[in-house]
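First the structure, in the form of structure tokens, and then the observations on it.
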Amino acid sequence: MAIPVIMPKQGQSVETCIMGEWRKKVGDVVKVGDVLFSYETDKASFEEEAKTDGELLAIFFDEGDEVPVLVNVAVIGAKGESVEEFRPGAAASPATVAPAAASAPTPAVVAAQPAAPTPAQATQSAPAGELKISPRARAEAQSLGVAYQQLQGSGPQGRIIARDIEAAAQNARLTPLAAEKARTEGLMPAPDTTAIGGRTGAADLIIFNPVYGDDFEVKKLSNIRKLIAKSMHQSLQNSAQLTHHLSADARRIMALRKQFKKKLDAGDISQNVTINDLVCLAVIRALKKFPQVNTHFIGDSMRWFKKVHLGLAVDTDRGLMVPTVKNADDLSIEGLSSQLQSVALQCRKGSIDPELLKPEAASFTVSNLGNYGVEVFTPVINLPQSAILGVCTIIPRPKDLGDGIYGFVPMLGLSLTYNHQALDGGEATRFLKQIATEIETLEV
Amino acid sequence: MPKVQFIDPKDVRKAGEIKLKPIPVNQYQKTVKDELAAKNFTKEELVRIFHDMVVIREFETMLHLVKTTGGYNGVEYNNPGPAHLSAGQEAAAVGMAYTLNVDDFIFGSHRSHGEIIAKSLRAIQQLDDSALEKIMNEFWDGATVNVVKTVYKGKDVKELGIRFLLYGALAEIFARVTGFNKGLGGSMHTFFTPFGVYPNNAIVGGSGSIAVGAALYKKVNRKSGLVVANIGDGSMARGPVWEGLSFAAMDQFTKLWDGDMKGGLPVIINIMDNQYGMGGQTAGETMGYGIAALIGAGVNPDEMHTERVDGYNPLAVIDAYRRKKKLIEDKKGPVLLDVLTYRYSGHSPSDASSYRSKEEIEAWEQEDCIKGYALQLKDAGVATQEELDAITQKVKDILFETFKLAINDELSPRMDLQKDPELLGSMMFSGGSAEALSTAKPDVNHPISENPRVKQLATKERFAFDKDGKPFSKVKQYQLRDGLFEAIIDRFYKDASLVAYGEENRDWGGAFAVYRGLTEALPYHRLFNTPIAEAAIIGTAIGYAMCGGRVIPEIMYCDFLGCCGDEVFNQLPKWQAMSGNILKMPVVIRVSVGSKYGAQHSQDWTALPAHIPGLKVVFPATPYDAKGLMNSALQGTDPVVFFESQRIYDVGEQFHEGGVPEGYYEIPFGEPDIKRAGTDVTILSIGATLYRALKAADILNDKYGVSAEVIDARSLVPFNYEPVIASVKKTGRIVITGDATNRGSFMRDLASNITELAFDLLDGPPVVVGSRNWITPAHELEDAFFPQPEWIIDAIHEKILPLKGHVASANFTEPQQIRRSKLGV
């Protein structure tokens, strides 16, 4: 009895996943626990293991396809068993491609001979003036199921002509990801396709440029990258951000760090408490004194959090992630240190709970670039949070040690970006100053 | 320009004078009594003349009453059609017909009821009963005579013949399907060839050249009989009539034609001189000849044996015909007769004769030809008044019965074009296929294999390229003109009836060397030069074909089509359908489209004949197509306007695999030919523009990666759209190109039909790339006038499919199109 493999549902809000790489191909014999394929949500990537032994009989989706969760993506069973009953209905998933077509030649993809005129990129923007379409194009649109009303014609006076419909139909031959990419980046399907069924995958998209032609490689944009791009852009578009910079005398936390290091080395404690952990502790303390900063700005109102849920920006191979440590204000320095390291590690492994990655999960975020020697920067707020603290490197600065004697003191740079919609400059400045004070006088 | 005729300057520059012979005027002064005494007529014959005149008078009177009172003898009828009546002219008509035999042909005008009746009555007299019965029973399979038989139960075949004649003519005038021409000819065109009555003609003077062509047919094909052209004095000003006279009187008939062909044409130009042309009085107002007989004096040294005859006296006309017929038999034609007569009615029933006095009409009525003749008959004791009255009464009775038959919708129905909407369409072309229209052995000078051109062609390369695809030199290539020659000489050796003529056909070999070699092959009477008289060239060809011959008239430049406009547009296309399909019209007009010679010698007028229903129109652009289409044209029985282009007489065959076949083959009319297959855009070309279309296709492919399918229309009428639609189905785009000026061109017709037929297949409008709507400028400026390959690309770019990186050289934008149209250029 053949068993379907479904696209798992990861997290409450996940509706679709992007199919990643297939580790097994049709015909392979698989055992329970073998990794079948990887997949991505908009937050993280995962691997799906086989839950039954048998032969991989069919694969219904290709890398890059957007697959609704709980939809059959493959079938495992005994050789020769029918898979048709498990094939997702065409209506349910327009991306469905018969695996049998995988090896078939693809006559439809003949568009771009080098000398052939390249049709203007069809765009979704509504053309100005009344719609012009040739009778042939109209008929083709009908038979190919292309919604021509949204196309920009490449014929005389913007008339939609057959090649526009054919190009649009060609785009329909793109995987959903490729189609999105082609649309947003103005790319063209390349003559050679790599995706299943002769379809054009995201990696097959190329841009014709008179200067460098196709002398480049198009690399697939990860879902996370896309998401980061989107949220960062939205952040700057949708809030009134500005950044204040200030330095804190780091001698106190450096001394604390030295003490913890000594204890760790001596085996008195197991947790490696870092400068960052200590800064985070100072931030939590400051937040308790400035609850108006520990907030979400949501347009006509604000969420004032009773607890501090601290977001920490983590650099991973897949890109920036901001996991949240819940109820961080309940934690001891060692507990806090432990939690922060744990979520960072999960992020780097890709096994973090997607719910913890949501911007809404944290009430305030710390982004530490001090390790890299960054002296000043302007972090971007993780909306709807009201502010974010950028932690910079420690720089020795001249300081009046008293009696006109100047010495070099290690100073920690702090950059607070706040949403001026939520906070005023005075509040933000006082809050930043409070962080510095906490750092300079930290008790653990 | 025969070399045998030496034009000696010493001779032609000598002083001298031209002496004209006296022209007889109304010399005949005898009476019935004199003729009876001289035993020139029997009593019966003399009474017969009276009878025939009365038939005409009553026939015309009946029509006059129908027209003016809406009925006849109290039976109402509305005849909306024309009626140009000839009451008053009976003696002229009966006198003209009296001496003619059945195999003598008459041609007429719009006012020819009298002549038809006179000639037919004469034929009925001459034919024996069995021959007459056969004619009547075979005509429309007896449909016409059977109507007559519903009222006439007598056994007198002659009377049946008279009733048949009157019914056939009247039913025709009333547009009944039982009429002589199925009701398609009507009053002004009715005729009946078995009685030697050939078409009347609604164009004034139309018969002036057509009848000459009929005489040419009789002469060349050794047929007995003469031909009479009954045309009015009003027609004597018309150019085509003068051209017909010039053609009829050519010196070559007596000076160059050989053997039994030597001698004048058997044709009598019979001026039915009723002294009015429309509202104009010819003598004294609109002409300058004084007496129309004078015209003959200027035509040839014989003065066309011209004389004026008193057409009010039938015996005077008969006397003249007896003398003139002898001249014709002695091969001394052509003859011109000015038969003086008078029409009582106006030009037509709508003409109130306001241009002439009542006194004048009354004076002529006083001397009425029938009344006067009746008096003479009584004087001579040939008949009593009672006998004459009895004749008149019988004629009236027959006519009244005939009238009632002809207006009876059941017995004499009209063609039902509602029930059978395609019926008339099916009659436009005869669509015959006949290797020869004569059973005679063709007159030729030598076996075809001995012809110098045929021998020369054997050495030519019948495909333009060698094995490696390299073109042979022009002189080695078998050219388009050779394809035409092969088809034409082949037919000359198959069909004895075939003749060809034009202004430079013999000795010269045609201005474009198509006929080089034909002079050697053919005697004069099959290939000859004509006067510069396009109207006569085509008009005579029509007459020649009407009588059953095949003919290739050539008018050289297409631009000269206007000179024979009436013949090409009004005569040639009409007669097959207008005769009820009795006539066939196997005329292949060769027309050459020029270039380099400016505004009056470089026009592609394909649209003009294509516009006129009843003509087939072809325009080949390759040697293979030229030969195949000419073979089809010469095998068929329909009129063909055969376009050629002076740009490409020398092209070799670049398309047909294996080259132009040596043997006979036909290319059916109406089939466009794909000269190059393609997938992205269709270019449909007419004529020589094909080669520029192919060049455009090259550029489209090399520069823009666009694959063009090039289709050569080859034929314009008929035209099968299916291959074009199939191509558009593939490409979705089409440009139509040709050398005609854009506006109103046949290209526009193609574009419009393609739009209708392939609307849902089209990815852009069918675009026409023709010449500018200008005069054709000098050769050095022609590139700005005729369509260029770049224009085709510009049109595609601007109107159909924008081409990446293309910079237009010509302006095909919509605002420019509108602007030019506003300006009429």
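Just so you know, the sequences run in chain order D and F.
First residue of the first sequence? That's 355 in this note's numbering, and the numbers climb one at a time after it.
First residue of the second sequence? That's 22 in this note's numbering, and the numbers climb one at a time after it.
Idealized CB from N, CA, C, for every residue including glycine.
Quantities reported herein were computed from a predicted structural model and do not represent experimental measurements.
- Against chain F, the beta carbon of residue 491/D has neighbours under 7 Å at 784, listed in chain order.
- Assignment of residue 161/F by DSSP, reduced to helix, strand and coil, places it in the helix class.
- Taking the C-beta atoms as reference points, residue 673/D is found nearer than 7 Å to residue 579/D.
- Bounds of the beta strand (DSSP E) holding residue 749/D are 741-756.
- Not one beta carbon of chain F lies nearer than 7 Å to the beta carbon of residue 497/D.
- Within the stretch 506-525 of chain D, those residues whose Cβ lies closer than 7 Å to any Cβ of chain F are, in chain order, 508, 509, 510, 515, 516.
- Chain D places a beta carbon closer than 7 Å to that of residue 780/F, counting this residue as a contact.
- Using a Cβ-Cβ cut-off of 7 Å, residue 649/F does not count as an interface residue toward chain D, since no Cβ of chain D sits closer than that to its own.
- For residue 774/F, the uninterrupted alpha helix (DSSP H) run begins and ends at 767-778, by DSSP.
- Non-local C-beta neighbours of residue 581/F in its own chain, meaning closer than 6 Å and more than five positions away in sequence, comprise 555, ordered along the chain.
- Here residue 687/F carries a coil assignment [DSSP, helix/strand/coil].
- With 16 or more other Cβ atoms inside 10 Å of its own Cβ, residue 263/F counts as buried.
- Between the C-alpha atoms of residue 269/F and residue 278/F there is a straight-line separation of about 14 Å.
- At least one CB atom of chain D sits nearer than 7 Å to the CB of residue 820/F.
- Classified as buried, residue 210/F has 16 or more neighbouring CB atoms from the shown chains inside 10 Å of its CB.
- The Cβ-Cβ distance between residue 489/D and residue 783/F falls below 7 Å.
- Sequence-distant partners of residue 413/F (beyond 5 residues in either direction) whose C-beta falls short of 8 Å from its own C-beta, in its chain, are 75, 79.
- Apart from sequence neighbours up to five positions away, no residue of its chain approaches residue 781/F with a beta-carbon distance below 7 Å.
- Inter-segment contact for the stretch 448-459 of chain F and the stretch 595-605 of chain F is present: three or more beta-carbon pairs are separated by less than 8 Å.
- Residue state for residue 561/F is assigned as helix, using DSSP reduced to three classes.
- In the structure shown, residue 301/F falls within a strand segment according to DSSP collapsed to helix, strand and coil.
- When CB distances to chain D are screened at a threshold of 8 Å, the residues of the stretch 735-765 of chain F falling below it are 753, in chain order.
- The way I'd put it, the stretch 318-327 of chain F does touch the stretch 355-363 of chain F; three or more beta-carbon pairs between them come closer than 8 Å.
- Membership of residue 652/F in the alpha helix (DSSP H) is indicated by the continuous run 644-656.
- In this structure, DSSP gives residue 634/D a helical state, which the three-state scheme calls helix.
- Within the stretch 804-832 of chain F, contact with chain D at the beta-carbon level (separation under 8 Å) is assigned to 819, 820, 821, 822, 823, 824, 825.
- From the listed residues 726/D, 676/D, 691/D, the smallest Cα separation to residue 709/D is found for 676/D.
- Given a length threshold of 4 residues, each whole run of the alpha helix (DSSP H) inside the stretch 462-507 of chain F is given here in chain order: 473-478.
- Using a Cβ distance threshold of 7 Å, residue 395/D and residue 368/D count as a contacting pair.
- At a cut-off of 7 Å between beta-carbon atoms, residue 488/D makes contact with chain F.
- For residue 510/D, there is no enclosing alpha helix (DSSP H), since its DSSP letter is neither H nor E.
- Below 8 Å, enough C-beta pairs join the stretch 286-298 of chain F and the stretch 240-252 of chain F to call them touching: three or more.
- Scanning its chain for C-beta atoms nearer than 7 Å, with the 5 sequence neighbours on each side dropped, one finds around residue 630/F the residues 589, 636, 638, 662, in chain order.
- Residue 611/F has 575/F, 663/F as its beta-bridge partners, per DSSP.
- Look at residue 34/F here: in three-state DSSP terms it is coil, with no helix or strand label.
- As the crow flies, the alpha-carbon of residue 174/F is around 32 Å from that of residue 392/F.
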